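Participant: I'd like to ask some things about the structure below.
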Amino acid sequence: MLWESPMKKNLVALLAAVFVPLALLAEEKVDLSVVNKIKAEALQNSKVMDHAFYLTDVYGPLLAGSQNYRNAAAWIVKTLNEWGIEDAKTEKWGTFGRSWTYSRFSAHLLEPQQLPLLGVPQAWSPGTEGPVSGEVILAPIRTLEDAEKYKGKLKGKIVMTEQPRELQLHLTPDARRYTDAELAEMAKAPDPAPPSPGGPMMPMMGPTPPGRRQAGPAPQFRMEDLRGMRNKLTQFLKEEGVLVVIQTGSRGDDGTIFTSSVGSREPKDPIPAPTIALVGEHYNRIARLLEKKIPVRLEVDIKARYEDPSDGLNVIANLPGGRKKDEFVMIGAHLDSWHAGTGATDNAAGSAVMMEVMRILKTLDLKMDRTVRLGLWDAEEQGLVGSRNYVTEHFADRDTMVLGAEYHKLSCYFNYDNGSGRIRGIYLQNNDMARPIFEAWLEPFKDLGATTVTIRNTSGTDHLSFEAVGLPAFQFIQDPLDYNSRTHHTNMDTYDRLQRGDLMQSSAVIASFVYHAATRPDLLPRKPQPKPRPRSQPPKPEEKKS
Ligand SMILES: [Zn+2]
């Protein structure tokens, strides 16, 4: 061992103190020549709307567990193969359970006037075995106490189980982009505040507003309560001999119907009475007639069927890396949708963008050290099921935190699932270490509107499956457009609501993020690894998106 003078030692220490932090804060490298190529391919030679066309008009809607979903997954594998991404495949995550499709629906007002009604069967509703007609009764039922009041009064009736809802004049635009002021506000850390006592609650019934779904494994006992209650109400209506149940949901008008499911994929859950959602205007007309004691008769025809449990399938594909090819960067989006429209903004948009990112990187033949892996997830709408199972299989079991072989090989995961709006920035999910990296990567996209890095969390989709086990996983800030007012889980979620320029911009930003993640010297920095959390223990409440 060499002897060093104390003075020299001090000098070294001083130099280290000055230069090491500087080195740590060194500019994140951005390859502008690559950014330039990516922009040209993404903005001038985009194929993103072609991918979206197949996922919506040709194969959509892609309800999880349906044949449509499996057909779309097979088409994606074939398409990626044709681009030269040879290992694209579907990967089984488990058994889906009871799957459901419908092939015919009509509803008509018969008395006091005749009118075709605008509606959609709720997912997992049984069919009606041909057209059925009957008298309508308004019986708002939200709880078992409500149900008691109607015992013996519903047999053979068409039952409206929700209160009519006053429809408001629209004085603000349905679609909007974030203003600079809103983005500046979003960039601020939220006020430190104690979490609400008892943790977040799930809504009782009906569709979940976007961005509000539970983070990580949902609080088990609460979910169980909810499902138990829902099953009891379902069983009550069924046992009372209700002909058809009519709902309208808590939002939607002007022909827009927000839909969800009435039954479940769990084979042990009860089969509900046939259940439809009607547009607010038609629901309210019937309710007004009933209020004035004017008899109303409807005819409803639903053709629907259940299928035997099928394999749950994610779509997985790799672009092999170079000298660090066992390390990888992941991108993903959920492929499944709801059934009322064609699932365009939720989430053909995300799937098409992520396919396009793979196409851009492959077409440009960019040399990347790390592998880039695509994951298109099944059954996100049933509770992040496809991605959660993938994470358990490949990375870590959230309950035990027993780590899988790839846990330390993943750099980061990027997800896209907030509609068709362009990228305005990124949520750090409380990972301060990623801030300077993302700020550098966003710099060449400032003139395309992508500017904001926020420490805040966003929830409600598949990045949570990764984050739950401590993997760096991110969602982008996207312009809301008409997602909340018109398209999220609605009959109007169609190709026409996709904004071409927005999806092209998103493809460019993500392709560049992925390239830089796959070529930077180190993996992305991680937050501390979470401790095991047995399922019976409710999680700490997650911070909600503002
Ligand atoms: Zn979605």
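Under the numbering used here, the first residue of the sequence shown carries the number 196, and numbering increases by one thereafter.
Every residue, glycine too, gets a C-beta built ideally from N, C-alpha and C.
Bear in mind the structure is a predicted one, so any value in this text is a computation, not a measurement.
Helix, strand or coil: how does DSSP classify Ile555 here?
Facilitator: As a position in the sequence shown, residue 555 is number 360, starting the count at 1. Here Ile555 sits in helix by DSSP.
Participant: Ignore the nearest five residues each way along the sequence and tell me which others in Thr429's own chain have a CB closer than 6 angstroms to its CB.
Facilitator: As a working mapping, residue 429 is identified with position 234 in the sequence shown. Excluding positions up to five away in sequence, the list reads Pro465, Pro467.
Participant: Could you check the C-alpha separation between Tyr297 and Glu281 for me, to the nearest Å?
Facilitator: Counting from 1 along the sequence shown, the entry for residue 297 is found at position 102. Counting from 1 along the sequence shown, the entry for residue 281 is found at position 86. If I take the Cα positions, the gap works out to 34 angstroms.
Participant: For the segment 615-632 against the segment 698-714, do three or more pairs of beta-carbon atoms, one drawn from each stretch, fall closer than 8 angstroms, so that the two count as touching?
Facilitator: Note that the segment 615-632 touches the segment 698-714; at least 3 beta-carbon pairs, one per stretch, sit closer than 8 angstroms.
Participant: If you run the structure through DSSP and keep just helix, strand and coil, what is Met525?
Facilitator: Residue 525 sits at position 330 when you count from the first residue of the sequence shown. It is a strand residue.
Participant: Who are the near neighbours of Pro727 in its chain, counting only those whose CB is closer than 7 angstroms to its CB and skipping five residues on each side?
Facilitator: As a first step, residue 727 must be located in the sequence shown, where it is residue number 532. The answer, listed in chain order, is Asp594, Thr595, Met596.
Participant: Taking all protein chains shown into account, decide if Leu493 is buried (16 or more other Cβ within 10 angstroms of its Cβ) or exposed.
Facilitator: In the sequence shown, the residue the question calls residue 493 occupies position 298. Classification of Leu493: buried, given that the 10 Å Cβ count is 16 or more.
Participant: Count the other CB atoms within 10 Å of the CB of Ile271; is the residue buried (16 or more) or exposed (fewer)?
Facilitator: Within the sequence shown, residue 271 is the residue found at index 76, counting from 1. Under this definition Ile271 is a buried residue.
Participant: State the Cα-Cα distance for the pair Met563 and Pro311, rounded to the nearest angstrom.
Facilitator: Residue mapping note: residue 563 aligns to position 368 of the sequence shown, counting from 1. Residue mapping note: residue 311 aligns to position 116 of the sequence shown, counting from 1. Cα to Cα, the separation comes out at about 57 angstroms.
Participant: Going by beta carbon distance, what residues of the same chain come within less than 8 angstroms of Met549, once the five residues before and after it are set aside?
Facilitator: Start at 1 with the first residue of the sequence shown, and residue 549 comes out as number 354. Taking C-beta separations shorter than 8 angstroms and ignoring five residues to either side along the sequence, the partners of Met549 in its chain run Ile526, Gly527, Ala528, Leu569, Leu571, Tyr611, Ile705, following chain order.
Participant: Exposed or buried, what is Asn513 when buried is set at 16 or more other beta-carbons lying within 10 Å of its beta-carbon?
Facilitator: Within the sequence shown, the letter at position 318 stands for residue 513. The residue is buried, with at least 16 neighbouring Cβ atoms inside 10 Å.
Participant: Put Met396 into one of helix, strand or coil per three-state DSSP.
Facilitator: The residue labelled residue 396 in the question sits at position 201 within the sequence shown. Reliability fails at Met396, whose pLDDT of 40 lies under 50, so the model's placement of it is uncertain and the value that follows must be treated cautiously. Note: Met396 maps to coil in three-state DSSP.
Participant: With H, G and I counted as helix, E and B as strand and the rest as coil, what does DSSP make of Glu340?
Facilitator: For this step, residue 340 is matched to residue 145 along the sequence shown. Look at Glu340 here: in three-state DSSP terms it is helix.
Participant: Following the continuous alpha helix (DSSP H) through Trp270, name the residue where it begins and the one where it ends.
Facilitator: In the sequence shown, the residue the question calls residue 270 occupies position 75. Per DSSP, Trp270 belongs to the alpha helix (DSSP H) from 262-277.
Participant: Mark His365 as exposed unless 16 or more other C-beta atoms lie within 10 angstroms of its C-beta, in which case mark it buried.
Facilitator: Locating residue 365 in the sequence shown gives position 170, where the first residue counts as 1. Flag for His365 reads exposed.
Participant: So for His303, helix, strand or coil by DSSP?
Facilitator: Against the sequence shown, residue 303 aligns to sequence position 108. Residue state, collapsed to three classes: strand.
Participant: Tell me whether Gly255 is buried or exposed, calling it buried when 16 or more other Cβ atoms sit within 10 Å of its Cβ.
Facilitator: Position 60 of the sequence shown, counted from the start, is the residue given in the question as residue 255. By the neighbour-count criterion, in which 16 or more other beta carbons inside 10 Å mark a residue as buried, Gly255 falls on the buried side.
Participant: One question on the structure: do Ile332 and Lys352 come within less than 8 angstroms of each other, judged by their Cβ atoms?
Facilitator: As a first step, residue 332 is located in the sequence shown; it is residue number 137 there, counting from the start. As a first step, residue 352 is located in the sequence shown; it is residue number 157 there, counting from the start. Cβ atoms of Ile332 and Lys352: closer than 8 angstroms.
Participant: Specify, as a first and last residue, the run of the alpha helix (DSSP H) that Glu575 falls within.
Facilitator: Numbered from its first residue, the sequence shown carries residue 575 at position 380. That residue, Glu575, is in no alpha helix (DSSP H); it is neither H nor E in DSSP.
Participant: Taking the C-alpha atoms as reference points, what is the distance between Glu357 and Val474?
Facilitator: Here residue 357 corresponds to residue number 162 of the sequence shown, with the count starting at 1. Here residue 474 corresponds to residue number 279 of the sequence shown, with the count starting at 1. Computed Cα separation, rounded: 13 angstroms.
Participant: So, helix, strand or coil for Gly616, using DSSP?
Facilitator: The count along the sequence shown starts at 1 and reaches residue 616 at position 421. Gly616: coil per DSSP, three-state reduction.
Participant: If you follow the beta strand (DSSP E) that Gln700 is in, where does it begin and where does it stop?
Facilitator: Counting from 1 along the sequence shown, the entry for residue 700 is found at position 505. From DSSP, Gln700 is part of no beta strand (DSSP E) but of the alpha helix (DSSP H) over 695-714.
Participant: Give the residues whose C-beta lies closer than 5 angstroms to at least one heavy atom of ligand 1, in chain order.
Facilitator: Asp541, Asn542, Asp612
Participant: Straight-line CA distance for Met381 to Pro462?
Facilitator: The sequence position of residue 381 within the sequence shown is 186, counting from 1. The sequence position of residue 462 within the sequence shown is 267, counting from 1. Between the alpha carbons of Met381 and Pro462 lies a gap of roughly 43 angstroms.
Participant: Pick out whichever of Asp688, Asp642, Pro490, Thr649 has its Cα sitting closest to the Cα of Ile632.
Facilitator: The count along the sequence shown starts at 1 and reaches residue 632 at position 437. Measuring from the Cα of Ile632, the nearest candidate turns out to be Thr649.
Participant: Suppose you measure from the CA of Pro675 to the CA of Thr685; what does that come to, to the nearest Å?
Facilitator: Sequence index remark: in the sequence shown, residue 675 carries index 480 (1-based). Sequence index remark: in the sequence shown, residue 685 carries index 490 (1-based). Cα to Cα, Pro675 sits roughly 15 angstroms from Thr685.
Participant: Would Arg692 pass as a contact of Ala539 if the rule is Cβ separation under 8 angstroms?
Facilitator: Residue 692 sits at position 497 when you count from the first residue of the sequence shown. Residue 539 sits at position 344 when you count from the first residue of the sequence shown. Yes, the Cβ-Cβ distance between Arg692 and Ala539 is below 8 angstroms.
Participant: Comparing C-alpha positions only, which one of Asp697, Leu598, Val580 sits nearest to Trp288?
Facilitator: Here residue 288 refers to the residue found at position 93 of the sequence shown. Nearest C-alpha to Trp288: Val580.
Participant: What would DSSP say about Leu438, mapped onto helix, strand or coil?
Facilitator: Looking up residue 438 in the sequence shown gives position 243. The answer is coil: DSSP assigns Leu438 none of H, G, I, E or B.
Participant: May I have the straight-line CA-CA distance separating Gly161 from Leu530, to the nearest angstrom?
Facilitator: Given that the chain is displayed from residue 196 to residue 741, the structure contains no residue 161 and the question cannot be resolved.
Participant: Tell me, which residues are paired with Asp506 by DSSP?
Facilitator: Counted from its first residue, the sequence shown places residue 506 at position 311. Paired residues: Thr290.
Participant: For Leu339, count neighbouring Cβ atoms within 10 angstroms of its own Cβ and tell me buried if that reaches 16, exposed if not.
Facilitator: Here residue 339 corresponds to residue number 144 of the sequence shown, with the count starting at 1. Exposed, since its Cβ has fewer than 16 Cβ neighbours within 10 Å.
Participant: Using the Cα positions of Ser459 and Val229, report the straight-line distance between them to the nearest angstrom.
Facilitator: What you label residue 459 is simply residue 264 of the sequence shown in a count that begins at 1. What you label residue 229 is simply residue 34 of the sequence shown in a count that begins at 1. Approximately 47 angstroms between the Cα atoms of the pair.
Participant: By the three-class DSSP mapping on this structure, what secondary structure does Asp496 have?
Facilitator: On the sequence shown, residue 496 is found 301 positions in, with the first residue counted as 1. In this structure, Asp496 counts as strand in the three-state DSSP scheme.
Participant: Let me make sure I understand the geometry here. Which of Met244, Asp252, Asn276 has the alpha-carbon closest to that of Thr558?
Facilitator: By one-based count along the sequence shown, residue 558 stands at place 363. Comparing Cα positions, the closest option is Asn276.
Participant: Looking at ligand 2, does it come within less than 7 angstroms of Leu473, judged from the CB to the closest heavy atom?
Facilitator: As for ligand 2, it is missing from this structure, which binds only ligand 1.
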